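Written out below as structure tokens is the structure these notes cover.
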Amino acid sequence: MEGITQEGTGIWRVFARSWLTGDPELRLCPSATRPLPGNPLPWGGTFHCFTMGAVAPKAPEKNYVTGHGSYGINTWTYPLVVGQSEFRSWASCDVRGASRIPAIFDCATQEGAISHLDSPPEYEYALAPEWPYPYRVWSVCMNRHSEAINMLFLDWSARRVGLKELWTFKWRPEFNTSGPWTKAGGVLPDDWPEWMRR
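Going by the numbering used here, the first residue of the sequence shown is number 17, and it counts up by one from there.
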């Protein structure tokens, strides 16, 4: 795909160009329209949006899109996942089980995903780890919509998703949907952080 760089910058903007260059409000969840105070950051939070483009200096100029967003794309839906060649990504939306594969969702970063081994965030309003941060569970598992987020799947259906359900989706082809944070994997109610036990 033209515009994808070795550093991985600008991938999301290239991949979703038609969505990004349209109405800027489409990139924002109504519950997260304002960025965190201070300098522009490439991450937001539960109720804050992230800044795009202006904080990605390595992105090719022609792919530069500035603005804000509070939805992210599944890292594993890119045609190419730079630096993670030991895993396969979803090369197409024409795959079996597309209704269980996250595509776009409420997110604190431009892209996100979880590993079946990722523990949930210890605190309800977890902030980004030090830069460069991993696009992992802290950016997706957040209490934006009463213990849930909204999610569009690879079959283009959309629905509200409970936070504990995040570990049951097929984020990437090798994702274990019966991992340790699922009922099938033996998770118990008391295993969840206190903020997720409500």
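Note that CB positions come from ideal geometry on N, CA and C, so glycine has one too.
From a predicted model like this one, the values you see are computed outputs, not experimental measurements.
Per-residue DSSP class, three states only, for Val111:
Here DSSP, grouped into helix, strand and coil, assigns Val111 to coil.
Can you give me the C-alpha to C-alpha distance between Ser194 and Arg188, rounded to a whole angstrom?
Straight-line Cα distance between these residues: approximately 14 Å.
Leu170 versus Asp134 - alpha carbon distance:
Taking C-alpha positions only, Leu170 is separated from Asp134 by approximately 22 Å.
Per the DSSP calculation, Glu127 is bridged to which residue(s)?
Bridge partners of Glu127: Ile89.
Quick one: residues in its chain with C-beta nearer than 6 Å to the C-beta of Gly178, no 5 flanking neighbours on either side, listed in chain order?
Around Gly178: Ala164.
Measuring CA to CA, which of Pro209, Ala200, Gly60 is closest to Glu138?
A check of alpha carbon separations from Glu138 across Pro209, Ala200, Gly60 identifies Pro209 as the nearest.
C-alpha distance - Ala119 paired with Trp172, whole-angstrom precision:
Rounded to the nearest whole angstrom, the C-alpha separation of Ala119 and Trp172 is 8 Å.
6 Å CB neighbourhood of Gly61 in its chain, flanking five on each side removed:
Counting only Cβ-Cβ distances below 6 Å, and skipping sequence neighbours, we find Ala124.
Beta strand (DSSP E) containing Val156: first to last residue?
Premise fails: Val156 lies in the alpha helix (DSSP H), 153 to 156, not in any beta strand (DSSP E).
Outcome for Gly54 when other beta-carbon atoms lying within 10 angstroms are tallied against a minimum of 16
With fewer than 16 other Cβ atoms within 10 Å, it is exposed.
DSSP has His256 in a bridge; who is on the other side?
Lying before the first or after the last residue shown, residue 256 is absent from the chain, which here runs from 17 to 214.
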